[in-house]
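In our numbering, the protein residues as written are 330 to 743. For each residue, glycine too, the CB sits at the ideal point set by N, CA and C. From a predicted model like this one, the values you see are computed outputs, not experimental measurements.
Put into structure tokens, the structure is as follows:
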């Protein structure tokens with residue numbers, strides 16, 4: 330009996346432990362959940378990436394613009410942060426030229442669209458180019474850069490007068506005049522002038538017996554550079570007379586239908602030629618560092634315009650190391666309706682009498698003289714003159730098929 334009671338007691342204790350231990354574990358788990366002092370927190374969820382914002386749209390400022398011919402306009406790109414390298418373009422380069430980096434320049438009246446592409450984005454702007462307003466003649470007496478649209482209705486008054494030794498640049502301009510278009514004269518040591526991208530048109534002087542003016546009439550010059558100009562209807566393109574020059578360059582110009590006949594005062598022409606016209610005449614110049622006349626294009630319409638020698642080197646002197654260099658010019662159609670049987674004009678000539686100074690140290694090379702009624706190239710005066718690599722071509726007839734009957738018509742004359 331005693332043994333039985335002991336086994337029963339042991340069974341009660343075992344049962345109590347079976348009930349107590351799970352209850353204790355439950356209580357500890359609840360305590361840990363609410364106390365939070367010994368439990369390990371659950372890992373935080375991974376962040377969700379936000380979608381990339383769409384790229385900012387490009388725009389140009391200004392979006393629309395009006396600019397005068399020869400004026401420049403700067404655009405800026407808006408809307409894109411740190412844009413990649415951008416490419417600029419214009420829908421019409423003849424109306425609006427691109428200089429790159431958002432800079433444009435008006436060329437002639439019209440409309441154009443500017444576009445810029447930065448990576449995959451493109452923006453546009455509209456530009457209207459208008460002519461420069463016309464103003465009266467200008468007299469320049471101080472150095473600087475000048476641009477404008479100048480006209481002179483007075484045959485005695487050039488459209489532009491440059492009267493200073495200080496450096497002057499005349500560029501991106503339009504000139505019309507009944508007299509000279511540009512008159513240059515230094516004050517003391519000689520003028521220093523650059524003329525580029527200028528369009529000049531000679532007007533009928535409106536006075537019977539008077540001749541049209543020159544594009545550039547210059548004296549007392551130290552340095553003169555004339556490039557990328559277009560001239561029409563003048564009696565002389567460039568009349569440069571007298572003195573010692575440090576720099577003289579006439580390059581990349583276009584001359585059309587020069588006219589040396591006198592006006593009849595009624596809008597027509599007389600047969601008389603007060604001064605025989607030239608595209609270039611270099612008269613009585615001393616050039617220790619040489620002169621250059623190159624890459625010019627001179628075109629005459631036979632029977633409608635009149636000119637004598639296209640390029641005349643008249644008693645001008647270079648040096649053995651730096652000659653007067655006349656090269657790579659294109660000359661077409663030099664003739665005169667006033668000299669149907671005795672035209673004495675040439676494409677290129679070294680000219681002047683036998684008295685000193687005579688033209689010397691001149692190199693004439695790689696020029697084309699086409700459809701001339703006179704002589705192609707003539708060495709009529711001087712010494713140390715070479716003519717090499719030139720081409721002279723003429724069919725001997727005018728546009729109607731009439732044969733030239735000229736006293737002086739030769740390919741080359743020495």
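query, result
"Chain C beta carbons: is any one of them nearer than 8 Å to that of residue 428?", "Among the protein chains of the structure shown there is no chain C, as only one such chain exists."
"Would residue 777 pass as a contact of residue 497 if the rule is Cβ separation under 8 Å?", "Absent from the structure is residue 777, since the part of the chain shown begins at 330 and ends at 743."
"Enumerate in chain order the residues of its own chain whose CB-to-CB distance from residue 423 is below 8 Å, with the five nearest sequence positions on each side excluded.", "436, 437 and 439"
"Near residue 681, which residues of its chain fall below 7 Å by C-beta distance, leaving aside the five closest residues on each side in sequence?", "643, 644, 687, 688 and 710"
"Report yes if the C-beta distance between residue 629 and residue 671 is below 8 Å; otherwise report no.", "no"
"For the beta strand (DSSP E) that residue 578 lies in, which residues bound it at each end?", "576-580"
"Provide the residue(s) that pair with residue 514 in DSSP beta bridges, ordered along the chain.", "548"
"Taking the alpha-carbon positions, what's the residue 593 to residue 732 distance?", "28 Å"
"Given a cut-off of 8 Å on the beta-carbon distance, is the pair residue 574 and residue 552 in contact?", "yes"
"Does the beta-carbon distance from residue 589 to residue 560 come in below 8 Å?", "no"
"DSSP on residue 656, reduced to helix/strand/coil?", "strand"
"Compute the beta-carbon to beta-carbon distance between residue 641 and residue 615, rounded to the nearest angstrom, for a pair I have assumed lies under 8 Å.", "17 Å between Cβ atoms; not a contact."
"Note down, in chain order, each residue of its chain lying with its Cβ closer than 7 Å to the Cβ of residue 516, except the 5 sequence neighbours on either side.", "492, 493 and 494"
"Helix, strand or coil: which one does DSSP assign to residue 672?", "coil"
"Which residues bound the beta strand (DSSP E) around residue 428?", "425-429"
"Would you tell me roughly how many angstroms separate the C-alpha atoms of residue 456 and residue 430, rounded to the nearest one?", "17 Å"
"Report yes if the C-beta distance between residue 522 and residue 502 is below 8 Å; otherwise report no.", "no"
"Could you check whether residue 702 and residue 664 sit closer than 8 Å to each other, using their CB atoms as the reference points?", "yes"
"Output the distance between the C-alpha atoms of residue 408 and residue 421, rounded to the nearest integer angstrom.", "26 Å"
"For the putative contact between residue 387 and residue 452, defined by C-beta atoms under 8 Å, what is the C-beta separation to the nearest angstrom?", "4 Å"
"Thinking just about the alpha-carbon of each residue, which of 620, 618, 657 and 404 is nearest to the one in residue 626?", "657"
"Is the beta carbon of residue 483 sitting closer than 8 Å to the one on residue 512?", "no"
"In this structure, how does DSSP classify residue 607 when only helix, strand and coil are distinguished?", "strand"
"Within 10 Å of its beta-carbon, does residue 509 have 16 or more other beta-carbons around it, so buried, or fewer, so exposed?", "buried"
"Helix, strand or coil: how does DSSP classify residue 731 here?", "coil"
"How far does the beta strand (DSSP E) with residue 394 in it reach, from first residue to last?", "393-397"
"Could you tell me which of 441, 651, 545 and 691 sits nearest to residue 395, measuring between CA atoms?", "441"
"Report the residue from 659, 662, 448 and 543 whose alpha carbon sits nearest the alpha carbon of residue 486.", "543"
"Going along the chain, which unbroken runs of the beta strand (DSSP E) with 3 or more residues stay wholly within the region 425-472?", "425-429, 432-435, 439-447, 450-459 and 467-469"
"Check whether the Cβ atoms of residue 699 and residue 660 sit closer than 8 Å, and answer yes or no.", "yes"
"Identify which residue in 397, 444 and 428 has its Cα closest to the Cα of residue 390.", "444"
"Can you tell me whether residue 479 is helix, strand or coil according to DSSP?", "strand"
"What separation, rounded to the nearest whole angstrom, lies between the Cα atoms of residue 631 and residue 415?", "50 Å"
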